[in-house]
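Since the structure comes first, as structure tokens, the remarks are kept for the end.
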Amino acid sequence: MARRNNLAGWLLVSPVVLGLVVFTLYPFVASLALSFCEYDIFTPPRWIGLWNYETMLSRDPLFWKSLGNVLYYTILAVPLGILFGVGLALLLDARIRGLAVYRTIFFLPSIVPVVATSVLWIWLLNPQIGLVNTLLRLAGIEGPTWLASVRWSKESLVFMGVWGVGGSMLIYLAGLKDIPASLYEAALVDGANAWQRVRYVTLPMLTPVIFFNLVMGMIGSFQYFTQAYVMTQGGPLDSTRFYALHLFYEAFQYLKMGYASALAWVLFLMVVAVTALLFRSQHKWVHYGR
Amino acid sequence: MIDEEKPISRRRKQILWIVRGIFIAAAAAGALWLFVGYQPPRHKVWPGREKVVFWHMWTSNWAEVVQNIVDRFNESQDRYEVVPLTVTGGSLKTLIATSGGAPPDCMAQWESVIPAWAERGALVPLDTLMPPDEWHALRDRLYTAVRDIGMYKGHFYGLSTGMNIWAVYYRPDHFREAGLDPDKFPRTLEDLDAAADKLFQYDSAGRITRIGFSPRWLVQYVAVFGGSLYDPATDRLTFTNPRNVEALEWITARADKYGFERILQFESGLSTTMQASWPFISGAFSMVLDGQWRVEQLAKFAPELEYRVAPIPPPKGGKPLACWSNGNFMIIPSGARHKEGAWAFMRFWSGVDKPERAAEFYTWGGWLPITPEVAAAPIYQAYCNKYPQFRTFLEVMASPNVQVTPPVPVQAYMMNRVGWAEDAALRKTLSPRQALQQAARETEREIENDRVGKE
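Protein chains in written order, with the numbering used here: chain A, 2 to 291; chain B, 51 to 505.
Printed below as a string of structure tokens:
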């Protein structure tokens with residue numbers, strides 16, 4: 002009976018297991034092997050040892066450029082995302098009229114598909130007829146060319162990212178609801194004012210959620226692709242050529258599948274390393290209320 | 051301990067029924083679509099013939115033109131049946147089909163795939179499909195650009211079905227308004243600059259409201275200045291050829307005069323460059339560089355618009371009737387099963403065997419032909435009489451000064467870097483010479499990476 006149950010169980014999960022093996026595990030392992038090969042799809046892969054990794058470090062200036070871009074974006078976008086996410090959650094945790102409406106309004110952008118958001122922002126940031134520059138013009142400021150400007154292209158994408166913090170805001174809101182009221186009562190008894198309650202109760206108790214969003218945001222930033230692909234294609238002057246976009250071009254435009262696999266593995270290792278660092282740092286600042 | 055099952059409430063039952071209803075309705079709609087609405091792919095009409103699978107990139111009206119040409123071919127002989135299929139994103143799908151051992155027999159692609167795929171042995175050399183004397187005769191008849199794009203390392207891999215040529219579209223009404231004679235289009239680049247200066251317009255805040263002429267796209271002007279990005283004799287890149295540097299210096303000087311940011315700002319506010327909303331129609335540009343396909347579009351979307359077309363005038367020491375050219379090319383993947391059939395179809399369409407017959411196909415698509423014989427055919431001449439502006443493009447097409455993208459295996463990377471160099475010079479990040487030097491260095495390094503990686 003137990004054996005039959007076992008078999009039935011395996012049969013039921015087999016589509017998922019097969020899918021994982023064929024579409025995730027196999028490509029994962031294959032890409033590691035391909036990263037040591039010259040492979041252009043047309044001809045069979047040919048072993049070239051560490052050539053791809055050497056090329057990356059010493060013969061591909063765009064590797065460093067794209068890495069610099071992604072680090073710049075991560076350093077700017079992730080903290081800003083947390084700042085705005087937590088700030089919004091705190092505001093929307095207040096007991097005011099029409100709270101559900103406000104929450105819906107701020108959450109809505111995060112459920113718009115990325116490509117649609119990108120197209121919308123191309124228009125919002127249009128230097129001539131876009132809403133952003135029109136508002137700036139009303140204030141007497143001639144706005145920059147945003148996505149077409151080397152100086153502002155990455156910042157434009159960061160602004161757009163901040164617009165979509167509704168998803169993380171919702172998680173922060175859930176985190177806020179989880180903070181025991183007794184802690185606030187104790188703080189009140191101790192004479193803490195509103196800022197002190199936020200600083201010494203809310204934020205420490207929210208750190209597990211902030212930590213989660215930090216890790217997820219960092220991983221997402223390292224893989225930043227769609228918005229840049231749709232809005233700027235890496236330009237101007239490679240200022241938005243992010244790591245994943247560079248990888249994509251190497252693979253599907255220049256047919257360097259082996260090199261692209263090597264890039265993917267370096268990205269993977271970087272993400273693992275930064276995630277590990279974050280996990281190691283958490284005992285210093287994340288409070289699990291134990 | 052097992053929980054006692056709770057009875058399902060009436061409300062839950064209702065919800066369950068609604069969910070079931072939705073599923074049943076969706077399944078019924080799917081089945082209805084399968085049996086009634088679904089159009090199966092076109093099957094063979096002549097079962098006894100060899101099936102030649104042809105992948106192309108055209109949709110809607112263009113796909114109909116392709117279908118008509120295919121029908122003509124299928125009716126013209128009794129050995130092959132070409133089955134066309136629109137495949138968007140064709141190059142990636144062909145890559146996958148080729149690696150899976152099931153490529154189409156022939157396909158239409160942009161010219162940039164030729165060196166990259168030929169280098170990897172993924173294309174059939176077309177010169178091996180015909181006797182040497184026939185190949186030599188064809189090679190001598192082809193327009194220079196058609197031949198140069200199709201060739202890679204001594205073999206001929208692609209045959210064009212339609213070339214693209216660029217020339218200056220201009221508005222006679224703007225010319226008259228600015229005190230210029232539209233019958234005397236500038237004959238030199240210096241005169242073109244002077245005319246452009248008179249045609250620019252601004253609003254009270256100093257913002258551009260009309261562009262006289264704003265040159266960009268270095269490869270076009272490299273040809274006009276008499277420069278070159280590549281030396282076929284030495285197989286070396288020549289990005290820093292003094293004439294190329296002069297071309298980029300001229301482009302940046304023109305942008306500086308009106309302010310690159312200001313031009314970008316104005317252009318960003320214009321509608322897309324597609325068909326009816328082309329800003330030339332609305333008068334945002336007095337002169338603009340564009341391709342021959344606009345002639346038919348203008349006839350369709352702005353039949354009343356008065357406009358003319360002229361070749362890009364050369365600077366002192368430059369080349370007349372010059373531009374950069376590209377086009378759609380028919381290729382045969384090396385794993386194709388019916389190479390002979392594919393080649394027969396390509397000959398039929400492009401006019402290699404009967405130029406007079408193929409001339410009609412070119413008029414259906416508004417395409418530029420591959421040989422002077424096709425262009426001279428009465429039906430093509432009648433087309434040019436109907437659209438007189440088209441003659442300018444035909445005239446440039448026949449010129450030996452038309453240039454094509456250098457046939458290097460890393461062509462896509464190279465063009466990306468050339469575009470980068472132009473952008474860097476326009477934004478003053480580097481001087482034109484430095485920008486071209488850096489683009490050359492990076493492209494040479496990429497060629498070297500590609501070569502050593504293969505060894």
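Every residue, glycine too, gets a C-beta built ideally from N, C-alpha and C.
- Here P383/B is bridged, per DSSP, to L173/B.
- Pairing V133/A with N127/A, the inter-Cα distance amounts to about 8 Å.
- In the DSSP assignment, G69/A falls within the unbroken alpha helix (DSSP H) covering P62 to L92.
- Shown here for A261/A: same chain residues with a beta carbon closer than 6 Å to its own, the five before and five after excluded, namely L248, E251 and A252 in chain order.
- Annotation for K101/B: the continuous beta strand (DSSP E) segment containing it runs E100 to H106.
- For T211/B, the uninterrupted beta strand (DSSP E) segment begins and ends at L209 to N214.
- Within chain B, the C-beta atoms nearer than 9 Å to that of L238/A come from W470, D473, A474, R477 and T479, in chain order.
- Taking 3 residues as the minimum length, the segment 397 to 451 of chain B contains no beta strand (DSSP E) run wholly inside it.
- W65/A is classed as exposed because its beta carbon has fewer than 16 other beta carbons within 10 Å across all chains shown.
- Inclusion of Y271/B and V345/B in the CB contact set at 8 Å is not warranted, their separation being larger than that value.
- Interface residue (Cβ-Cβ distance to chain B less than 8 Å): N127/A is classified as such.
- Here L444/B is buried, its C-beta having at least 16 other C-beta atoms within 10 Å.
- Checking the DSSP bridge columns, you'll see P134/B partnered with F104/B.
- Boundaries of the beta strand (DSSP E) harbouring T259/B: I258 to R260, taken from the DSSP string.
- For the C-beta of L248/A, not a single chain B residue is nearer than 9 Å; the gap to the nearest is close to 14 Å.
- Taken in chain order, the complete alpha helix (DSSP H) segments of 4 residues or longer contained in the segment 119 to 164 of chain A are 132 to 139 and 154 to 164.
- Boundaries of the beta strand (DSSP E) harbouring M157/B: C156 to W160, taken from the DSSP string.
- With a cutoff of 8 Å on beta-carbon distance, K155/A and S240/A are scored as near each other.
- Linking K203/B to N53/A through their CA atoms gives a straight-line distance of about 26 Å.
- DSSP, read as helix, strand or coil, puts W300/B in helix.
- Looking at L189/A, A78/A, I42/A and L21/A, the one whose alpha-carbon comes closest to that of W164/A is A78/A.
- Chain-order list of chain B residues neighbouring V151/A: R477, by C-beta distance under 7 Å.
- By the criterion of a C-beta distance shorter than 6 Å, G167/A is surrounded in its chain by F107, F108, P110 and S111, once the five residues flanking it on both sides are discounted.
- The alpha-carbon separation between I497/B and V95/B amounts to approximately 47 Å.
- Under a 10 Å Cβ-count criterion, Y173/A is classified as buried, with 16 or more other Cβ atoms of the shown protein chains found around its own Cβ.
- Residue environment: I72/B is assigned as exposed (fewer than 16 neighbouring CB atoms within 10 Å of its CB, all protein chains considered).
- In this structure, E410/B is the residue among T455/B, V446/B, E410/B and S449/B with its C-alpha nearest to the C-alpha of Y433/B.
- At a cut-off of 8 Å between beta-carbon atoms, P110/A makes no contact with chain B.
- In the structure shown, the three-state DSSP call for E39/A is strand.
- Neighbours of E492/B in chain A, taken as residues at a C-beta separation under 7 Å, are given in chain order as P62.
- Taking a contact as a CB-CB distance under 8 Å, the pair V120/B and V132/B counts as one, their CB atoms being some 5 Å apart.
- Using a Cβ-Cβ cut-off of 8 Å, L145/B is close to I42, F43 and L256 of chain A, given in chain order.
- Under the rule that a run must span 3 or more residues, the beta strand (DSSP E) segments found entirely inside the segment 297 to 375 of chain B read 337 to 341 and 358 to 360.
- Assigned with DSSP and collapsed to three states, F206/B falls in strand.
- Straight-line spacing of the CA atoms in D191/A and I123/A works out to 51 Å.
- Within the segment 295 to 324 of chain B, the residues whose Cβ lies closer than 7 Å to any Cβ of chain A are, in chain order, E311, L314, Q315, F316, S318 and G319.
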